[in-house]
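As you go down the protein sequences, you meet chains A and B in turn. Note that this note's numbering numbers the first sequence so that position 60 is 62, with each residue one more than the last. Note that this note's numbering numbers the second sequence so that position 31 is 33, with each residue one more than the last. Taking it in order: structure first as structure tokens, then the write-up.
Protein chains: 2
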Amino acid sequence: MTTDKTEILKALAHPVRVSFLEWMRTPEEHFCNQAHPLEMGICANQFEKKCGLSQSTVSAHLATLEKAGLLKTNRVGQWAFYSRDEENIASFLNELKSTL
Amino acid sequence: MTTDKTEILKALAHPVRVSFLEWMRTPEEHFCNQAHPLEMGICANQFEKKCGLSQSTVSAHLATLEKAGLLKTNRVGQWAFYSRDEENIASFLNELKSTL
DNA sequence: TCTTTAAATCGAAAAATTCCGATCTACATA
DNA sequence: TATGTAGATCGGAATTTTTCGATTTAAAGA
Chain A
3 MTTDKTEILK ALAHPVRVSF LEWMRTPEEH FCNQAHPLEM GICANQFEKK
53 CGLSQSTVSA HLATLEKAGL LKTNRVGQWA FYSRDEENIA SFLNELKSTL
Chain B
3 MTTDKTEILK ALAHPVRVSF LEWMRTPEEH FCNQAHPLEM GICANQFEKK
53 CGLSQSTVSA HLATLEKAGL LKTNRVGQWA FYSRDEENIA SFLNELKSTL
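Here's what the structure looks like:
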């Protein structure tokens, strides 16, 4: 969670990772079949089903987004729940708007 | 000049290309030594001096930014003058803000 | 304790990106 | 016409990214 502009832009350079973030804007729309309450975040395995990539690839994409500061992780038992880091996302968008 | 979100985000994934765009926000500050008037745009060779990369590499970076729709080209004689495509940049930022 | 399940990590292959020097094209000028 | 300059394009090397299957780690349940 570095919040470095370059790292964030690299994280956004792959369409699958952008999709992950976009899906998470409206979880009830994209992850309505999740066993756990959506308030806990989105379970990692939900992304696998939705994007068709392997477990290890999805895990790597989620790690990239988390390292960039765009996602937060909530580990409960054997599960990892991801949610958008709205504060970092907003400040990135603001920085981009004022510097780009 | 496709104005495709994915292509733009890929174009922004390299720090040198982001620098190019940022420098061009204030040309009088970053390209004050240009022989031609800054209103014509920024001459390609200006970027070479400033970033230290080779002519062919700079040309490729500029082409990437132009294909993404972030820059416009104005060819005059043997020179290529580049300027920001403010309209596309603004609509990209707006789209990003409302979808990401 | 043994088995199952979820997710991270490892190792390696494939693909994409970055970069350079050399070449090619176009224009300008002597 | 020959020379010089600017910039695009080509070919290839180096690096980075993407992806997968296999393994490891950790927790859950039988």
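Glycine included, each C-beta is placed from N, C-alpha and C at the ideal position.
Expected contact under 8 Å - CB spacing of residue i and residue j to nearest Å
i	j	result
residue 88 (chain B)	residue 7 (chain B)	Actually they do not touch by this definition, with Cβ atoms about 17 Å apart.
residue 22 (chain A)	residue 95 (chain A)	17 Å between Cβ atoms; not a contact.
residue 11 (chain B)	residue 92 (chain A)	Not really, about 18 Å apart at Cβ, beyond 8 Å.
residue 86 (chain A)	residue 42 (chain A)	Contact doesn't hold; Cβ gap of about 13 Å is too wide.
residue 101 (chain A)	residue 24 (chain B)	6 Å
residue 5 (chain A)	residue 76 (chain A)	Going by Cβ atoms, the distance from residue 5 (chain A) to residue 76 (chain A) rounds to 19 Å, so no, they are not a contact pair.
Neighbour-count burial assignment, residue i, 16 or more Cβ in a 10 Å radius
i	result
residue 28 (chain A)	exposed
residue 71 (chain B)	buried
residue 57 (chain B)	exposed
residue 65 (chain A)	exposed
residue 54 (chain A)	exposed
residue 62 (chain B)	exposed
My parser needs the alpha helix (DSSP H) runs of 4 or more residues fully inside the stretch 50–86 of chain B; what are they? The qualifying runs are 57–69.
Task: Interface residues of the stretch 68–100 of chain A facing chain B [CB-CB below 8 Å] - done: Flagged, chain order: 91, 95, 98, 99.
* Count the C-beta pairs between the stretch 62–80 of chain A and the stretch 29–36 of chain B that are closer than 8 Å, then say yes if the count reaches three, no if not. => The stretch 62–80 of chain A is not in contact with the stretch 29–36 of chain B.
So if I threshold CB-CB distances at 9 Å, which residues from the stretch 16–49 of chain A count as touching chain B? Cβ contacts with chain B come from 16, 17, 20, 23, 24, 27.
query = Considering only residues of the stretch 9–36 of chain B, which uninterrupted alpha helix (DSSP H) runs meet the minimum length of 4 residues and lie entirely inside it, listed in chain order?
reply = Counting whole runs of 4 or more residues, the stretch 9–36 of chain B contains the alpha helix (DSSP H) stretches 17–25, 29–32.
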